[in-house]
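Note that the sequence shown covers residues -21 to -1, 1 to 367 in mature numbering (1 follows the signal peptide of the UniProt record, and there is no 0).
Ideal placement from N, C-alpha and C gives every residue a C-beta, glycine not left out.
Values in this document were obtained by computation on a predicted structure and should not be read as measured data.
A short worksheet on the structure shown next.
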Amino acid sequence: MPTRRLLARAAALVAATAALAGCAPGALTASPSPTASPSTTPAPTPEPEPERSLLLTTLAASNALAVVDPTAAEPVVASIEVGTAPWGVVADAAHERAFVATAEGLAVVDLATMTRTALVPFQHQPTTIGYGEYRDGGLGLAVSPDGATVYVAVHRWPDPAWLEVLDVASGAFTASVEVGVRPFDVLMDPAGAWVATVDHDTYGVTIVDTATLAARTIEVAPFGDLGFDSWEKPHYGVVTAAGTILLPFQGQVMVEVDPVSGATTSTPLTAQTHQHGAAQVRSPGDALDGATLVVGTGAFGSATQGPSLEIVSADGTDAVVPLTRLHETVATWRATDADAWSAVLAGGYTRDGWWDGLTIVDLATLEQREVPVAGRPQAVVAVALPAS
């Protein structure tokens, strides 16, 4: 139990004990005390509770979610059983909980106690439970801005995929919408008006109106629809502060999608590497604000260069940081508000070449260090929780 809760309970117990003693039979009556003059000194403003900046990463080769403190000597501070072959994870820090898409269902995690509180079966439940990129079950997911609804993409080959809608209060799935094939990622409108799936094998994004659940698909295929075996597909994306969607392709082009009009525009990239995970720095006033970070996995398809982290500034200029390891996803993280931002890359690449750890790249110095995390860490997100 967090320290602040223990202190609050202890204070309440002391107060209750004192009240009972004053009412007890035979209790001594104290002599009246002189009336003190009212103090004119204002009460001190309570110090805000400190926060601990942690990482949550799904361990795709196991059944667990790892809680990681990159500053600690033993970085994995908790391992929480969530369900077989977890894929995506999303944090709802305001309510101290997380949601994890697994092959068995959607796991609900209490981050205050570091325990799973529910494993909710999908409406389109897999008939077999497996591991790896092609396994059936939950893939990407997102939570609404108010924390009341979770949207999770559910894949069941050879059927199309569905975006299933969980009502958090009731703990049940209430609806589903058919979307494209194998949605690696789910993206949420900051205003909550729409949610989108990144449909890997059908070359597009499906925009779902959160009020009506009406869905429409926008094709995003800058190299053309080259079929199932192509490398030139969308994988992961980010939502900008302006509410548009950015999708990187092959270290060659970034496609910006307007989810309202369906219009797309493209800008060149220079990494020349097959790209997977993406994240964006949100830090108003910081030089990195609006920068998009993209994981490159190497020379596949039309891409010719090795693995890298591509840093695309808000003005479109980019820098490429070579990497020696393969990774699947990326998150932005910093230990405190006074520290520089870092990119955290998860080593659980969905194909051969994955490894058991995270790579942390300091975005000020571009220095790299590795954090060991066993279990094939696939998706990673940052979360700030009250210190305990």
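| Asked | Found |
| --- | --- |
| For W334 and P351, the rounded distance between their alpha carbons | 9 Å |
| Backbone CA spacing between S292 and Q347 [nearest angstrom] | 20 Å |
| Any non-hydrogen atom of the ligand GTP closer than 7 Å to T244 Cβ | In the structure shown, the ligand GTP is absent, as is every other ligand, since no ligand is present at all. |
| Other residues of its chain near G285: CB distance less than 7 Å, five sequence neighbours each side excluded | T252, G277, A278 and P301 |
| Helix, strand or coil at H74 according to DSSP, with G and I counted as helix | helix |
| Local conformation of D180 per DSSP, three classes | helix |
| Simplified DSSP state of E235, which is helix, strand or coil | strand |
| L192 and A220 closer than 8 Å at C-beta | no |
| Option nearest A298 by Cα separation, candidates L267, A282 and Y113 | L267 |
| C-alpha distance - S281 paired with G216, whole-angstrom precision | 20 Å |
| Cα-Cα separation, D188 to A127 | 16 Å |
| Bridge-paired residues (DSSP) for L34 | V47 and A361 |
| Straight-line Cα distance separating P227 from P213 | 7 Å |
| Residue environment, A15, which counts as buried when at least 16 other CB atoms sit within 10 Å | Per-residue confidence for A15 stands at a pLDDT of 44, beneath the threshold of 50, marking its modelled position as unreliable; no derived number is given. |
| Residue environment, V239, which counts as buried when at least 16 other CB atoms sit within 10 Å | exposed |
| Buried or exposed (CB count within 10 angstroms, at least 16 for buried), L324 | buried |
| Cβ-Cβ separation, Q254 to V274 (assumed contact under 8 Å), whole Å | 6 Å |
| Validate contact between the segment 98 to 112 and the segment 47 to 65 using beta carbons, cut 8 Å, 3 pairs | yes |
| As assigned by DSSP and simplified to three states, the class of M167 | strand |
| Same chain, Cβ closer than 6 Å to T196, neighbours up to 5 away in sequence not counted | G183 and T185 |
| For F228, the first and last residue of its enclosing beta strand (DSSP E) | I224 to F228 |
| Where A140 sits in the DSSP three-state scheme | strand |
| Candidates Q104, I224, L166 and R304, of which the one nearest residue 383 by Cα | Shown here, the chain extends from -21 to 367; a query on residue 383 therefore has no answer. |
| Whole-angstrom distance between L166 and G117, CA atom to CA atom | 15 Å |
| Close Cβ partners of D180 (< 8 Å) along its chain, the five nearest in sequence each way excluded | G159, V160, R161, F207 and K212 |
| S149, buried or exposed, once every other Cβ within 10 Å from all chains shown has been counted against 16 | exposed |
| Between the CA atoms of T37 and H306 - distance to the nearest angstrom | 13 Å |
| Pair within 8 Å by beta-carbon distance, V309 and A322 | yes |
| Three-state secondary structure (DSSP) of T315 | coil |
| C-alpha gap between F342 and W312, whole angstroms | Per the sequence shown, residue 342 should be read as Leu rather than Phe. The alpha-carbon atoms of L342 and W312 are separated by roughly 10 Å. |
| From R135, H103 and G203, residue whose alpha carbon lies closest to that of E112 | R135 |
| Rounded C-alpha distance that separates G84 from P169 | 26 Å |
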